[in-house]
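Protein chains: 2
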Amino acid sequence: MRHGLSFGGSPVKGESLSSSRPEGGGQSLLRLINSVAVLSALRESSPATLSNLASRTGLSRPTVEAAMDDLVEQGWATEQRAGAEGRVGRPARRYAFRADSGYVLGFDVGAHRVLGVLADLNGRTVHTSETQVDPQLDADSRVAVLRTVAGRCLAGGGVERARLMAVAIGCPGIIAPDGTVTVSTVIPGWVDLPLARRLSRSFACPVLVDNDANLAALAERSHGVARDVDELIYLLIGRRIGAGLILGGNVHRGFGGAAGEIGLLDPPRWERVRELLLGPATTESISDRDHQVTQDLLEGARAGESEALSIVDDFCAVLARHAVAMTLTVDPEMIVIGGGLASAGDLLLPRLREHVDRVCIRPPRLATSTVGEEAVVLGAVQLALRAADESLRHGVATRA
Amino acid sequence: MRHGLSFGGSPVKGESLSSSRPEGGGQSLLRLINSVAVLSALRESSPATLSNLASRTGLSRPTVEAAMDDLVEQGWATEQRAGAEGRVGRPARRYAFRADSGYVLGFDVGAHRVLGVLADLNGRTVHTSETQVDPQLDADSRVAVLRTVAGRCLAGGGVERARLMAVAIGCPGIIAPDGTVTVSTVIPGWVDLPLARRLSRSFACPVLVDNDANLAALAERSHGVARDVDELIYLLIGRRIGAGLILGGNVHRGFGGAAGEIGLLDPPRWERVRELLLGPATTESISDRDHQVTQDLLEGARAGESEALSIVDDFCAVLARHAVAMTLTVDPEMIVIGGGLASAGDLLLPRLREHVDRVCIRPPRLATSTVGEEAVVLGAVQLALRAADESLRHGVATRA
Numbered sequence: 001m002r003h004g005l006s007f008g009g010s011p012v013k014g015e016s017l018s019s020s021r022p023e024g025g026g027q028s029l030l031r032l033i034n035s036v037a038v039l040s041a042l043r044e045s046s047p048a049t050l051s052n053l054a055s056r057t058g059l060s061r062p063t064v065e066a067a068m069d070d071l072v073e074q075g076w077a078t079e080q081r082a083g084a085e086g087r088v089g090r091p092a093r094r095y096a097f098r099a100d101s102g103y104v105l106g107f108d109v110g111a112h113r114v115l116g117v118l119a120d121l122n123g124r125t126v127h128t129s130e131t132q133v134d135p136q137l138d139a140d141s142r143v144a145v146l147r148t149v150a151g152r153c154l155a156g157g158g159v160e161r162a163r164l165m166a167v168a169i170g171c172p173g174i175i176a177p178d179g180t181v182t183v184s185t186v187i188p189g190w191v192d193l194p195l196a197r198r199l200s201r202s203f204a205c206p207v208l209v210d211n212d213a214n215l216a217a218l219a220e221r222s223h224g225v226a227r228d229v230d231e232l233i234y235l236l237i238g239r240r241i242g243a244g245l246i247l248g249g250n251v252h253r254g255f256g257g258a259a260g261e262i263g264l265l266d267p268p269r270w271e272r273v274r275e276l277l278l279g280p281a282t283t284e285s286i287s288d289r290d291h292q293v294t295q296d297l298l299e300g301a302r303a304g305e306s307e308a309l310s311i312v313d314d315f316c317a318v319l320a321r322h323a324v325a326m327t328l329t330v331d332p333e334m335i336v337i338g339g340g341l342a343s344a345g346d347l348l349l350p351r352l353r354e355h356v357d358r359v360c361i362r363p364p365r366l367a368t369s370t371v372g373e374e375a376v377v378l379g380a381v382q383l384a385l386r387a388a389d390e391s392l393r394h395g396v397a398t399r400a
Numbered sequence: 001m002r003h004g005l006s007f008g009g010s011p012v013k014g015e016s017l018s019s020s021r022p023e024g025g026g027q028s029l030l031r032l033i034n035s036v037a038v039l040s041a042l043r044e045s046s047p048a049t050l051s052n053l054a055s056r057t058g059l060s061r062p063t064v065e066a067a068m069d070d071l072v073e074q075g076w077a078t079e080q081r082a083g084a085e086g087r088v089g090r091p092a093r094r095y096a097f098r099a100d101s102g103y104v105l106g107f108d109v110g111a112h113r114v115l116g117v118l119a120d121l122n123g124r125t126v127h128t129s130e131t132q133v134d135p136q137l138d139a140d141s142r143v144a145v146l147r148t149v150a151g152r153c154l155a156g157g158g159v160e161r162a163r164l165m166a167v168a169i170g171c172p173g174i175i176a177p178d179g180t181v182t183v184s185t186v187i188p189g190w191v192d193l194p195l196a197r198r199l200s201r202s203f204a205c206p207v208l209v210d211n212d213a214n215l216a217a218l219a220e221r222s223h224g225v226a227r228d229v230d231e232l233i234y235l236l237i238g239r240r241i242g243a244g245l246i247l248g249g250n251v252h253r254g255f256g257g258a259a260g261e262i263g264l265l266d267p268p269r270w271e272r273v274r275e276l277l278l279g280p281a282t283t284e285s286i287s288d289r290d291h292q293v294t295q296d297l298l299e300g301a302r303a304g305e306s307e308a309l310s311i312v313d314d315f316c317a318v319l320a321r322h323a324v325a326m327t328l329t330v331d332p333e334m335i336v337i338g339g340g341l342a343s344a345g346d347l348l349l350p351r352l353r354e355h356v357d358r359v360c361i362r363p364p365r366l367a368t369s370t371v372g373e374e375a376v377v378l379g380a381v382q383l384a385l386r387a388a389d390e391s392l393r394h395g396v397a398t399r400a
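As given, the protein sequences belong to chains A and B, one line each in that order.
Heads up: the first sequence is residues 1 to 400, going by UniProt numbering.
Heads up: the second sequence is residues 1 to 400, going by UniProt numbering.
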């Protein structure tokens with residue numbers, strides 16, 4: 001179904017086609033470029049008629065028709081029978097993008113669990129599989145669990161492994177651009193693990209690894225309170241404060257993957273403040289959502305109990321210190337507070353607002369996360385979908 | 001020489017061509033796409049033979065030849081007479097990008113002066129003009145000075161205004177995405193000035209306005225110590241500390257243009273520390289380079305005088321606080337210290353190094369600026385060149 005032949009994209013990109021270009025390649029190349037343009041337009045607005053697509057791409061109708069014939073033959077699109085729409089004459093041919101023409105896998109690998117989601121190219125969840133693990137499990141065994149969860153997702157969804165277009169994994173720690181974990185204090189044996197390379201043995205498609213807060217930010221932008229916010233900071237509150245940054249609509253990872261490690265600013269009193277509010281430290285970064293200590297304390301603060309209020313105030317002062325430093329640096333449109341306190345926006349946001357407004361010249365909107373505990377795995381699916389889109393744009397010619 | 005007709009780029013971009021597409025536009029469109037690809041390849045590596053360009057673009061040689069004929073006719077390229085290169089047979093035709101096929105203007109508008117540079121499309125300075133102004137000059141008069149400086153640059157370079165492809169202006173303050181100054185404490189009457197819109201009456205090409213630190217960062221990346229660094233923080237030391245951020249190779253301005261306003265973290269003692277080292281406050285953001293007080297103090301510190309060392313230590317502690325907050329947020333590859341202390345790297349960098357290494361998990365490289373006092377105007381030229389490149393990519397069809 002898929003060939004190894006790689007297609008390098010538009011001619012502006014350079015030399016990638018020169019070696020594999022067939023004789024008379026000029027014409028063939030242009031047909032491919034047109035197919036990519038038409039598929040891209042169809043992906044953004046499906047179903048569509050030939051006229052819609054011609055208008056969206058600026059291509060002529062016969063050119064679009066030829067491209068659509070190719071795309072249907074290659075399995076990327078399907079022709080729909082048009083219903084009677086009350087118009088005179090032959091109904092217009094309509095085409096739909098086939099969301100089942102490919103799949104992606106997203107994972108959340110934490111200390112306590114490995115969660116996997118199989119999704120189609122529209123991001124619809126096809127199958128979910130979760131396995132609880134011992135926080136002390138060594139890295140090799142944890143990778144083996146990940147492989148098992150992947151297999152269960154594929155089997156559960158009835159999808160062949162060869163149809164995967166991208167795999168993305170979120171985990172705590174700093175991930176180098178090549179998908180190697182360089183810093184991790186949460187998962188045993190995780191440091192220096194070339195996770196992307198290790199997993200590329202199990203998958204023929206691109207394998208991406210990213211920091212959990214980065215992916216939670218991506219999920220918040222796709223499904224949550226920060227929908228379509230292009231300049232976003234997601235503050236993930238766990239044992240420390242970490243952040244995921246979306247800048248210009250994309251995850252910003254920094255030179256060595258260490259962007260958002262704002263928790264290193266945590267003042268000495270942070271651990272005590274955190275523990276008072278969130279209960280004893282765990283090794284999980286997103287957790288404790290319904291922890292009773294926390295709920296009691298938040299209720300106390302809402303009821304005006306002075307000790308509870310003082311804890312909430314102290315906690316917010318630390319959060320604000322981090323939010324301010326990041327706001328002055330990147331000027332986000334919005335800051336989202338994620339982790340175990342998403343339900344306490346009524347207490348947190350006004351306090352944060354006051355601190356941030358006092359210092360920042362252009363203060364961002366503030367909100368608590370609405371995505372919940374599956375933020376990391378849903379963000380992983382989003383990251384994998386972006387990689388699949390990239391393949392679609394550059395790789396429409398790789399199917400026969 | 002130039003028509004108003006706008007060309008919308010690749011077919012992937014969408015509908016921009018549908019209204020202006022001539023009959024039989026499919027073929028014409030493809031020819032334009034090829035011209036853009038060939039011009040882009042020529043711009044990156046000029047001069048080049050048809051074979052070079054065919055290899056770089058992945059297009060066939062006849063296609064490249066047709067595109068080059070168009071580009072020469074339109075004035076973007078010139079055919080060079082090939083010298084004897086010791087090879088048998090007819091010498092290969094070579095083409096060069098015409099750097100004089102367009103020009104850009106860059107400006108540094110400060111409290112004390114307006115500096116303008118006219119440059120060709122290779123970024124070579126063609127003419128420079130500078131006018132000293134009263135720091136209290138009102139905004140209208142200052143804009144008038146800018147127009148005069150622009151006229152002098154064009155006259156001095158013998159370049160018609162119509163050949164300008166982009167104009168960029170750097171000034172202190174926060175600049176909204178539409179080129180309006182929203183915050184400025186340095187230039188009288190500058191706040192709420194729609195500078196880009198005001199100047200668009202004087203220029204037919206795009207007019208961009210940006211913060212001075214952003215442009216200094218861009219210059220440092222083009223000409224200075226941060227050459228080709230894609231993740232860069234440029235700390236501009238003036239009355240406060242401001243920063244320009246390059247992320248992913250581009251200036252990061254943030255949602256409202258307020259990225260890098262890290263000076264709002266300045267501790268209460270900053271003004272005193274700054275004044276001890278840099279002398280009395282001026283309203284200029286980059287200045288005081290050769291201020292005698294500063295030089296004496298730096299010499300004192302180098303000679304081990306304890307009072308001078310203490311001032312330098314205090315100053316570096318404040319700088320480090322800002323550098324750390326920004327590093328933890330965006331994880332830059334390099335931080336450059338610019339402003340009046342570029343010659344004091346021997347004193348500043350080891351002290352900063354110590355602070356930054358103590359906190360940051362992946363510490364950046366540290367350096368002092370090597371571009372000097374023309375950083376802002378040279379950065380403005382770079383920004384204008386980027387806009388011109390964008391026009392080249394999307395607008396090659398606009399000449400007849």
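Each residue gets a CB set at the ideal place from its N, CA and C atoms; glycine is no exception.
Asked, Found
"Residue 357 of chain A classed as buried or exposed, judged by whether at least 16 other C-beta atoms fall within 10 angstroms", "exposed"
"Host alpha helix (DSSP H) of residue 70 of chain B (start-end)", "61-74"
"Contact list for the region 314-331 of chain A against chain B, Cβ threshold 8 Å", "324, 325, 326, 328, 329, 330, 331"
"Neighbour flag for residue 169 of chain A against chain B, beta carbons, 7 Å", "no"
"Status (buried if at least 16 other CB within 10 Å, exposed otherwise) for residue 439 of chain B", "Lying before the first or after the last residue shown, residue 439 of chain B is absent from chain B, which here runs from 1 to 400."
"Start-to-end residues for the beta strand (DSSP E) that takes in residue 94 of chain A", "94-97"
"For residue 3 of chain A, the three-state DSSP class (helix, strand or coil)", "Since pLDDT at residue 3 of chain A reaches only 29, below the 50 mark, its modelled position is unreliable, and no value is offered."
"Contact under 7 Å by Cβ, residue 242 of chain B with residue 331 of chain A", "no"
"Cβ-based neighbour list, residue 57 of chain A, same chain, cut-off 7 Å, excluding 5 preceding and 5 following", "37, 38, 41, 64"
"Short Cβ contact (7 Å threshold) for residue 234 of chain A with residue 338 of chain A", "yes"
"Pairwise C-alpha distance: residue 53 of chain B and residue 92 of chain A", "42 Å"
"Identity of the residues DSSP links to residue 131 of chain A by a beta bridge", "A:114"
"Element boundaries [alpha helix (DSSP H), containing residue 273 of chain A]", "270-278"
"Per-residue DSSP class, three states only, for residue 365 of chain B", "strand"
"Collapsed DSSP secondary structure at residue 316 of chain A in the structure displayed", "helix"
"Coarse secondary structure for residue 187 of chain B, derived from DSSP in three states", "coil"
"Neighbourhood of residue 117 of chain A by C-beta distance below 6 Å, restricted to the same chain and skipping five residues each side", "106, 125, 128, 377, 381"
"Touch test, the region 254-267 of chain A against the region 268-279 of chain B, Cβ-Cβ under 8 Å, three pairs minimum", "no"
"Spatial distance of residue 179 of chain A from residue 191 of chain A (CA atoms)", "12 Å"
"Bridge partners - residue 168 of chain A, DSSP secondary structure assignment", "A:106, A:208"
"Proximity of residue 224 of chain A and residue 104 of chain A at Cβ, strictly below 7 Å", "no"
"Where residue 295 of chain B sits in the DSSP three-state scheme", "helix"
"Element boundaries [beta strand (DSSP E), containing residue 336 of chain B]", "334-339"
"Minimum C-alpha distance to residue 231 of chain B - residue among B:333, B:143, B:204, B:280", "B:333"
"Anticipated Cβ contact below 8 Å, residue 258 of chain B with residue 335 of chain B, distance rounded", "The Cβ separation is near 19 Å, so there is no contact."
"Cβ neighbour criterion (16 or more within 10 Å) applied to residue 308 of chain A", "buried"
"Residues of the region 43-58 of chain A with Cβ closer than 8 Å to any Cβ of chain B, in chain order", "54, 55, 56, 57, 58"
"Check whether residue 97 of chain B and residue 43 of chain B have beta carbons under 7 Å apart", "yes"
"C-alpha gap between residue 391 of chain B and residue 165 of chain B, whole angstroms", "8 Å"
"Cβ-based neighbour list, residue 362 of chain A, same chain, cut-off 8 Å, excluding 5 preceding and 5 following", "331"
"Below-7 Å beta-carbon distance, residue 361 of chain B vs any chain A residue", "yes"
"Neighbour flag for residue 311 of chain A against chain B, beta carbons, 7 Å", "no"
"Whole-number beta carbon distance between residue 47 of chain B and residue 80 of chain B, since they are thought to touch under 8 Å", "6 Å"
"Reference residue 346 of chain B, options B:366, B:215, B:360, closest by Cα", "B:366"
"Closer than 7 Å to chain A by CB, residue 262 of chain B", "yes"
"Whole-angstrom distance between residue 250 of chain B and residue 34 of chain B, CA atom to CA atom", "26 Å"
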